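Peer 1:
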Amino acid sequence: MFSSLSLAACACLLAICTAVACALPGTFLVLRGEAMLIDGMGHAVLPGIVLGYLAAGDLHSPWLTVTAATASILVAWATYALQRHLPKDAALGIIFPTLFAIGVVLISTVLTHSPLDVHVVLVGDLNLVALSDPDYIWIMGGVAVLNAVVLGLWLPRLSAAAFNGHAHGVWQWGFLALVALTTTTAFHTAGTMLVIALMVLPPLTARLVSRHVLHMWVWAAFFGAAGALAGFWVAYHLRVASAAGIVLADATIFLTLLILYRWRNRGTTPAGGKGVRQRGNRQTRQLQQA
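Numbering (mature numbering (1 follows the signal peptide of the UniProt record, and there is no 0)) for the sequence shown: -21 to -1, 1 to 269.
Pasting the structure below:
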C-alpha cells in the first residue's frame, strides 16, 4: 500500500507514526520522573537484538523484537530491584552500560561480518527503512494505536501511579512492556539513542500548556507529530540525518514555548509544575476513595 508513495512522503509518515508511538507512553514516564529509565531500556535493546540475530540469522526476524523487548523489561526489573539498596540513578548507571558493552563485544567478535551495525542501532536510518520496507509504517502505526488504546484504558491508574509513586502488579509491568515494545520497534527509525528524546521532549512541551493529565497526553502526541513533520522536512531539504532533525525540531518547539510561557507568566507557577502535581494528587485521592 505505502510502496506507491514517494520516498519522502513514506519517510515522513513513518516519522510521524514513530514520534506519536513514543510520545504516548513517554508522558507517564515524565510524570513519574523516570525519563532516564528509557535510556536504560534503549541501551538494553542492543544485546537483545544481537541475541535475536544469533538465534534467527535474520535482521528482520520477529525474534529480534522478542529478545530486545525482553532485555528491556529485564533492565527495568533489575533497576527496581537495585533501588532497594542503591539510588535510582546509580542502579541505572550500573545496569545499562554493562548490557550495552555486552552487545558491543558480541558485535565486535561474533558478528563481525553480519549486516548488524552499532551505528544503525544507535541512531537508526529513517530513510533506509522507508526505502527498503515502506510497510514498516503499519508496524509503527500499530504500536501507536496499541499505546493509545491500552494507555487510554489504564489512564486513571497510570495517573494515580505517576503522582503517588506506587505502581504494582499488572499495571506496572504491562506499562513497561508497552515501553519496551515501543523502544524496540522504534530503533529501526530513530535509533535507541534518540528514542529517549522522542519520549521525553513532547511530554515536557505538553506540560507547559496543560494542567490536566489527559490533555497533556493528547498534547504530547500532537507535539510529537508536529516535531516529526517539521523536523523531517527541514532535515530532508538540508540533507542531514532525519532522526536528528526531528529531535532538534522537538527541542526548538519546547524551548520556544518555555520562553513564551515564562515571559507571559512571570512570577507564577508553570502549568507543568505544581499545578499538574496538585491536580494529580486530587485525582489520586478520588481514586483511593472510589
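Quick reminder that beta carbons are idealized off the backbone N, C-alpha and C, glycines included. Bear in mind that the values here come from a model prediction, so they are computed numbers and not experimental data.
(1) Tell me the rounded alpha-carbon separation between valine 124 and alanine -1.
(2) According to the Cβ coordinates, are residue 289 and glycine 31 closer than 8 Å?
(3) Using a Cβ-Cβ cutoff of less than 7 Å, which residues in the same chain neighbour alanine 47 once the five nearest sequence positions on both sides are dropped?
(4) Just verifying my parser: in three-state terms, what is the DSSP assignment at glycine 12?
(5) Suppose the cutoff is 6 Å on Cβ atoms and the five residues either side in sequence are ignored; what does the same chain contact list for tyrosine 59 look like?
(6) Let me make sure I understand the geometry here. Which of Ala176, Thr6 and His167 has the alpha-carbon closest to that of tryptophan 198?
(7) Between tryptophan 133 and histidine 194, what straight-line distance do the alpha-carbon atoms span, to the nearest angstrom?
(8) At what residues does the alpha helix (DSSP H) containing proline 113 begin and finish?
(9) Quick one: Cα of glutamine 268 to Cα of tryptophan 212, how far?
(10) On the CB-based measure, 16 or more other CB atoms within 10 Å of its CB, does valine 84 come out buried or exposed?
(11) What separation, rounded to the nearest whole angstrom, lies between the Cα atoms of alanine -14 and leucine 61?
(12) Which of helix, strand or coil does DSSP assign to valine 188?
(13) Beta-carbon within less than 6 Å of alanine 214's beta-carbon, same chain only, minus the 5 sequence neighbours each way: which residues are those?
(14) Leaving aside the five residues before and after alanine 228 along the sequence, list all residues of the same chain whose C-beta is less than 7 Å from its C-beta, in chain order.
(15) Where does tryptophan 133 fall in DSSP's three states?
(16) For proline 66 and aspartate 104, what's the separation of their Cα atoms in angstroms?
(17) Looking only at its chain, what residues have a beta carbon closer than 8 Å to the beta carbon of valine 179, apart from the 5 residues adjacent to it on each side?
(18) Going by the beta-carbon positions, is the gap between threonine -4 and threonine 231 smaller than 8 Å?
(19) Starting from threonine 49, trace the alpha helix (DSSP H) both ways and give me its first and last residue.
(20) Given a cut-off of 8 Å on the beta-carbon distance, is the pair leucine 137 and alanine 55 in contact?
(21) Start and end of the alpha helix (DSSP H) containing arginine 218?
(22) Which residue's Cα is closest to the Cα of leucine 101: Ala(-7), Ile175 and Ser189?
(23) Aspartate 37: which of Leu90, Ile118 and Thr171 sits nearest, CA to CA?
(24) Using the Cβ count rule (16 or more neighbours within 10 Å means buried), how would you classify proline 181?
(25) Please report the distance separating the alpha-carbon of arginine 63 from that of alanine 80.
(26) Three-state secondary structure (DSSP) at leucine 90?
(27) In the structure shown, what three-state DSSP assignment does alanine 126 receive?
(28) Can the beta-carbon of alanine 127 be found less than 8 Å from the beta-carbon of leucine 3?
Peer 2: Per the coordinate set shown:
(1) 8 Å
(2) For the chain, the structure presents residues -21 to 269; residue 289 sits outside this window and is missing.
(3) Val24, Gly27, Ile28, Gly31 and Thr163
(4) coil
(5) none
(6) Thr6
(7) 15 Å
(8) From DSSP, proline 113 is part of no alpha helix (DSSP H); its letter is neither H nor E.
(9) Bear in mind that the predicted position of glutamine 268 carries a pLDDT of just 43, short of 50, making it unreliable; the figure below should be weighed with that in mind. As the crow flies, the alpha-carbon of glutamine 268 is around 49 Å from that of tryptophan 212.
(10) exposed
(11) 45 Å
(12) In this structure, valine 188 counts as coil in the three-state DSSP scheme.
(13) Ser221 and Gly224
(14) Gly206, Ala209, Gly210 and Val213
(15) Under the three-state reduction of DSSP, tryptophan 133 is assigned to coil, being neither helix nor strand.
(16) 35 Å
(17) Gly5, Leu8, Val9, Ala14 and Ile17
(18) no
(19) 41 to 61
(20) Result no, Cβ atoms of leucine 137 and alanine 55 do not sit closer than 8 Å.
(21) Unbroken run through arginine 218: none, as it is neither H nor E.
(22) Of the candidates Ala(-7), Ile175 and Ser189, Ile175 places its Cα closest to the Cα of leucine 101.
(23) Leu90
(24) buried
(25) 25 Å
(26) coil
(27) Reading off the sequence, residue 126 comes out as asparagine, not alanine. Asparagine 126: helix per DSSP, three-state reduction.
(28) yes
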